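So the protein lines, in turn, are chains A and B. Okay, so the first sequence: first residue is 1 according to full-length UniProt numbering, each after it adds one. Okay, so the second sequence: first residue is 1 according to full-length UniProt numbering, each after it adds one.
2 protein chains.
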Amino acid sequence: MLAIGTLAKRTGTKVQTIRYYEQIGLMPEPGRSEGGQRRYGPLELDRLAFIRHSRQLGFSLESIRELLDLSDSPERSCAQVDAVAQKHLHEVEARIARLEALRVELKRMIGECRADRVANCRILEVLRDHEECLSDHDRPGS
Amino acid sequence: MLAIGTLAKRTGTKVQTIRYYEQIGLMPEPGRSEGGQRRYGPLELDRLAFIRHSRQLGFSLESIRELLDLSDSPERSCAQVDAVAQKHLHEVEARIARLEALRVELKRMIGECRADRVANCRILEVLRDHEECLSDHDRPGS
DNA sequence: GCTTGAACCTACAGTGGCTGTAGCTCGTAT
DNA sequence: ATACGAGCTACAGCCACTGTAGGTTCAAGC
Numbered sequence: 001m002l003a004i005g006t007l008a009k010r011t012g013t014k015v016q017t018i019r020y021y022e023q024i025g026l027m028p029e030p031g032r033s034e035g036g037q038r039r040y041g042p043l044e045l046d047r048l049a050f051i052r053h054s055r056q057l058g059f060s061l062e063s064i065r066e067l068l069d070l071s072d073s074p075e076r077s078c079a080q081v082d083a084v085a086q087k088h089l090h091e092v093e094a095r096i097a098r099l100e101a102l103r104v105e106l107k108r109m110i111g112e113c114r115a116d117r118v119a120n121c122r123i124l125e126v127l128r129d130h131e132e133c134l135s136d137h138d139r140p141g142s
Numbered sequence: 001m002l003a004i005g006t007l008a009k010r011t012g013t014k015v016q017t018i019r020y021y022e023q024i025g026l027m028p029e030p031g032r033s034e035g036g037q038r039r040y041g042p043l044e045l046d047r048l049a050f051i052r053h054s055r056q057l058g059f060s061l062e063s064i065r066e067l068l069d070l071s072d073s074p075e076r077s078c079a080q081v082d083a084v085a086q087k088h089l090h091e092v093e094a095r096i097a098r099l100e101a102l103r104v105e106l107k108r109m110i111g112e113c114r115a116d117r118v119a120n121c122r123i124l125e126v127l128r129d130h131e132e133c134l135s136d137h138d139r140p141g142s
């Protein structure tokens with residue numbers, strides 16, 4: 001039986017985070033010592049490891065909840081598991097695309113500035129003036 | 001003189017967001033109509049446009065505050081402006097790198113799964129078992 | 001001038017995923 | 001017996017908003 005601090009160290013989690021997971025129902029309420037301290041077994045260790053690993057892969061706690069539920073019914077088709085993972089992959093790809101566009105525009109903006117004083121700084125000019133921006137968020141017809 | 005809703009439309013901002021910016025001191029307290037409603041002039045319009053445009057480029061409100069302060073002293077060197085923008089660019093690049101690594105691992109995981117039932121699902125196996133993961137398990141997150 | 005209803009007002013709660021703090025109690029080594 | 005690290009609960013704070021409730025003001029149409 002592990003104390004919460006030991007479980008935390010084993011899984012690379014903070015103690016407060018484990019209690020938070022319990023609070024939102026992602027981790028079960030564990031047994032307690034006589035004095036009221038949480039005590040964990042191997043099942044809880046596995047579950048927390050699953051959660052942390054999924055978090056490292058960027059899954060939301062909501063998705064992780066779903067994956068945990070699915071893994072409790074081994075006879076079901078794994079299409080749903082696949083769907084959750086695919087959806088997440090698409091979201092990651094969308095975020096990459098957005099950040100890439102951002103990166104290009106930032107680089108362009110920074111590269112254009114040859115001024116030495118704020119009064120002529122290209123960076124501030126670009127930020128001030130929407131027309132100088134390549135993105136078309138509020139141009140007519142976009 | 002513009003009402004808050006008009007300002008919101010002009011800048012692509014939500015009304016609540018404008019009030020939020022005022023609350024945290026990013027936008028000044030504007031004049032009021034006789035009945036107590038906010039009324040904005042062209043200066044405020046420009047300032048909000050600057051803020052929104054900077055947000056679109058991913059700058060934090062803290063950085064935007066700094067940029068706004070800097071742009072108020074036109075005689076100063078624009079090195080600091082440059083530094084703020086460079087720092088942000090590096091952060092964006094770091095996030096892209098992390099997401100790219102994530103994408104690769106997700107793809108690999110999804111691509112490996114040939115099972116049809118949850119019991120044999122590779123995706124869940126990878127999530128369960130740290131050893132199958134290429135990434136270091138306890139580096140700082142996000 | 002009066003009525004309507006959209007737009008405005010304040011104040012506060014909620015989002016996600018934790019993190020930190022205050023002020024206690026518990027467990028264990030010496 | 002005592003010290004002290006580790007645990008406990010309860011709550012506030014982070015970022016950048018977003019949404020809600022319940023009331024007031026403004027402008028257009030009659």
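For glycine and all other residues, C-beta sits at the position ideal for the given N, C-alpha and C. Predicted model, so just to flag it, every value in this text is computed and none were measured.
**OP:** Count the other C-beta atoms from every protein chain shown that fall within 10 angstroms of the C-beta of P6 (chain A), then say buried if there are 16 or more, exposed otherwise.
**Re:** Going by the sequence as given, residue 6 (chain A) is Thr instead of Pro. Exposed is the call here.
**OP:** List in chain order: all unbroken beta strand (DSSP E) runs of 3+ residues lying wholly within the segment 27-106 of chain A.
**Re:** 38-40
**OP:** Compare the C-beta of I96 (chain B) with all C-beta atoms of chain A and state if any pair is closer than 7 Å.
**Re:** yes
Original post:
Can you tell me whether DSSP reads R117 (chain B) as helix, strand or coil?
Top reply: strand
Original post:
Taking only beta-carbon atoms, is P42 (chain A) less than 7 Å away from chain B?
Top reply: no
Subject >> C-alpha distance - A79 (chain A) paired with L99 (chain B), whole-angstrom precision >> reply: 24 Å
Original post:
Can a CB atom of chain B be found closer than 7 Å to the CB of G35 (chain A)?
Top reply: no
**OP:** Using three-state DSSP, classify A3 (chain A) as helix, strand or coil.
**Re:** DSSP, reduced to helix, strand and coil, places A3 (chain A) within a strand of the structure shown.
Original post:
Cα-Cα, which of A:Y20, A:R108, A:L89, A:P30 is closest to L2 (chain A)?
Top reply: Comparing Cα-Cα distances from L2 (chain A) to each of A:Y20, A:R108, A:L89, A:P30, the minimum goes to A:P30.
Original post:
Helix or strand or just coil, what does DSSP make of T11 (chain B)?
Top reply: helix
Subject >> Residues, ordered as in the chain, of the UniProt domain "HTH merR-type" (1-70) of chain B that lie near chain A by beta-carbon distance below 8 Å >> reply: G12, D46, A49, F50, H53, S54, Q56, L57, G58, L67, L70
**OP:** Would you kindly report the start and end of the unbroken alpha helix (DSSP H) that includes I123 (chain A)?
**Re:** 122-128
Original post:
Using DSSP with H/G/I as helix, E/B as strand and the rest coil, what is I110 (chain B)?
Top reply: helix
Subject >> Reduced DSSP category for I18 (chain A) - H, G, I as helix; E, B as strand; rest coil >> reply: helix
Subject >> CB-CB length for R128 (chain B) against M109 (chain B), believed under 8 Å >> reply: Here R128 (chain B) is actually not in contact with M109 (chain B); their C-beta atoms are around 12 Å apart, not less than 8 Å.
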